[in-house]
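J.: Note that this note's numbering numbers the sequence shown so that position 69 is 71, with each residue one more than the last. Where is the CB? At the ideal position from N, CA and C, for every residue including glycine. Computed from a prediction, not measured in an experiment: that's the story for all the values here.
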Amino acid sequence: MSEQSKKMIYLQPTPVRIWHWLNALGIVTLCVTGAQIRFPEYVNIFGTYKSAIALHNTAGIVVAISFVLWIAYYLVFAGTLKQLYVPTKGDIQSGMLRQAIFYFFNYFRGKPNPHHTSPDNKFNPMQKGAYLVIMFVLVPLVIITGFMLLNIDPLRNTLLMVGGLKMVVGLHFILACSLCAFVFTHFYLATLGHTPFAHFVPMWTGWEEVEEEHEHPAH
């Protein structure tokens, strides 16, 4: 038979927590101001159209700098970028399917999460795959296309090479919509801990409560 106990682990260092909330604020600001820029006849939160553009550009620069700092922290200082964000062979072969079954079925049946969080293994196989695409493909492309739209005149020839201004605007919008969809998905999945706020607390305090199973021989 087995019994569960709980312990606290220090999961999120201070630099990661600061980056997370700065990045979250920046991305939400980009989504809202981007909606006003794209649909000014329906969305008018920040006053004038010009104000929305100015705030959007500022938030974009902040997110771009934040992204560089994130890369530097995990690659240079922590040295755990590959370990945390690149799925292993086992993750791809069986881990992702096992985690998907938990999210879609077993969680609602009260079954335990197959992934056991630790400082060296923060993310489950599905999270690793998702973050790999988002942080190393989606976000860089959003930043690059945004940078091109901020510098239309100096980069006019480059814009023409990739299909013109409309092509870059359209690509930037599609990428931004994908990033916005990720925000909602991320928020929902964060509620699937052993309590609805179990995954939110570490991003404020750094500490997460985890459950451990201990096997005991039957009497």
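Are the beta-carbon atoms of V34 and V185 separated by less than 8 Å?
T.: Taking the sequence shown and counting its residues from 1, the one referred to as residue 34 is at position 32. Taking the sequence shown and counting its residues from 1, the one referred to as residue 185 is at position 183. Not in contact: V34 and V185 (Cβ atoms no closer than 8 Å).
J.: Determine, using beta carbons only, whether Y133 and Y87 come nearer to each other than 8 Å.
T.: Taking the sequence shown and counting its residues from 1, one reaches residue 133 at position 131. Taking the sequence shown and counting its residues from 1, one reaches residue 87 at position 85. Yes, the Cβ-Cβ distance between Y133 and Y87 is below 8 Å.
J.: Counting along the chain, where does the alpha helix (DSSP H) carrying P183 start and finish?
T.: The count along the sequence shown starts at 1 and reaches residue 183 at position 181. The question names Pro, but residue 183 in the sequence shown is Ala. Segment L167 to L191, the alpha helix (DSSP H) holding A183.
J.: Please list the terminal residues of the continuous alpha helix (DSSP H) segment that includes F104.
T.: If you number the sequence shown from 1, residue 104 lands on position 102. F104 -> alpha helix (DSSP H) spans M98 to F106.
J.: Would you kindly work out how many angstroms separate the C-alpha atoms of G49 and F189, rounded to a whole number?
T.: As a first step, residue 49 is located in the sequence shown; it is residue number 47 there, counting from the start. As a first step, residue 189 is located in the sequence shown; it is residue number 187 there, counting from the start. Those two C-alpha atoms are separated by around 28 Å.
J.: Which residue comes first and which comes last in the alpha helix (DSSP H) that contains G28?
T.: In the sequence shown, residue 28 corresponds to position 26, counting from 1. From DSSP, the alpha helix (DSSP H) with G28 extends over T16 to R40.
J.: Could you give the distance in angstroms between the alpha-carbon of G113 and the alpha-carbon of I73?
T.: Numbered from its first residue, the sequence shown carries residue 113 at position 111. Numbered from its first residue, the sequence shown carries residue 73 at position 71. According to the sequence displayed, residue 113 carries Lys and not Gly. Computed Cα separation, rounded: 35 Å.
J.: Could you tell me which residues DSSP puts in a beta bridge with I11?
T.: Position 9 of the sequence shown holds residue 11. DSSP output for I11 lists E210 as bridge partner(s).
J.: I need the DSSP call for N46, collapsed to helix, strand or coil.
T.: Sequence index remark: in the sequence shown, residue 46 carries index 44 (1-based). Correct three-state label for N46: coil.
J.: Restricting to Cα atoms, I'd like to know which of Q14, V144 and G148 is closest to S180.
T.: If you number the sequence shown from 1, residue 180 lands on position 178. Closest by alpha carbon: V144.
J.: Residues in its own chain within less than 7 Å of P121 by CB, not counting five upstream and five downstream?
T.: Counting from 1 along the sequence shown, the entry for residue 121 is found at position 119. Answer for P121: I11, Y12 and L13, listed in chain order.
J.: Just mark S96 as buried or exposed, buried being the case when its beta carbon has 16 or more other beta carbons within 10 Å.
T.: Locating residue 96 in the sequence shown gives position 94, counting from the first residue. Exposed: under 16 other Cβ atoms inside 10 Å.
J.: Pop quiz: Q38 and A54 are said to be a contact at Cβ under 8 Å. What is the actual Cβ separation, rounded to whole angstroms?
T.: The residue you call residue 38 lines up with position 36 of the sequence shown. The residue you call residue 54 lines up with position 52 of the sequence shown. That belief holds up - the Cβ atoms of Q38 and A54 are roughly 4 Å apart, short of 8 Å.
J.: How big is the Cα-Cα spacing for K9 and S68?
T.: As a working note, residue 9 is residue 7 in the sequence shown. As a working note, residue 68 is residue 66 in the sequence shown. So the two alpha carbons sit approximately 32 Å from each other.
J.: Below 8 Å between beta carbons: does that hold for P89 and P116?
T.: Taking the first residue of the sequence shown as 1, we reach residue 89 at position 87. Taking the first residue of the sequence shown as 1, we reach residue 116 at position 114. No, Cβ-Cβ distance for P89 and P116 is not below 8 Å.
J.: Tell me whether the beta-carbon of G36 lies closer than 8 Å to the beta-carbon of H58.
T.: Working through the sequence shown from its first residue, we reach residue 36 at position 34. Working through the sequence shown from its first residue, we reach residue 58 at position 56. Yes, they are a contact pair.
J.: Restricting to Cα atoms, I'd like to know which of V171, Y105 and E210 is closest to N153.
T.: Stepping through the sequence shown from its first residue, residue 153 is reached at position 151. For N153, the nearest C-alpha among the options comes from V171.
J.: Helix, strand or coil for N59, going by three-state DSSP, please let me know.
T.: Walking along the sequence shown from the start, residue 59 turns up at place 57. Residue state, collapsed to three classes: helix.
J.: What does the alpha-carbon distance come out to for the pair Q101 and R19?
T.: For the purposes of this step, residue 101 is taken as residue 99 along the sequence shown, with counting starting at 1. For the purposes of this step, residue 19 is taken as residue 17 along the sequence shown, with counting starting at 1. Distance between the alpha carbons of Q101 and R19 is about 25 Å.
J.: According to the Cβ coordinates, are L140 and M150 closer than 8 Å?
T.: As a position in the sequence shown, residue 140 is number 138, starting the count at 1. As a position in the sequence shown, residue 150 is number 148, starting the count at 1. Not a contact, by the Cβ cut-off of 8 Å.
J.: Determine which residues share a DSSP beta bridge with N123 and list them.
T.: Counting from one through the sequence shown, the residue named residue 123 turns up at place 121. According to DSSP, which records beta bridges pairwise, N123 is partnered with S120.
J.: Output the distance between the C-alpha atoms of Y75 and L83, rounded to the nearest integer angstrom.
T.: On the sequence shown, residue 75 is found 73 positions in, with the first residue counted as 1. On the sequence shown, residue 83 is found 81 positions in, with the first residue counted as 1. Roughly 9 Å separates the two Cα atoms.
J.: Ends of the alpha helix (DSSP H) at M163?
T.: Taking the sequence shown and counting its residues from 1, one reaches residue 163 at position 161. Per DSSP, M163 belongs to the alpha helix (DSSP H) from R158 to M163.
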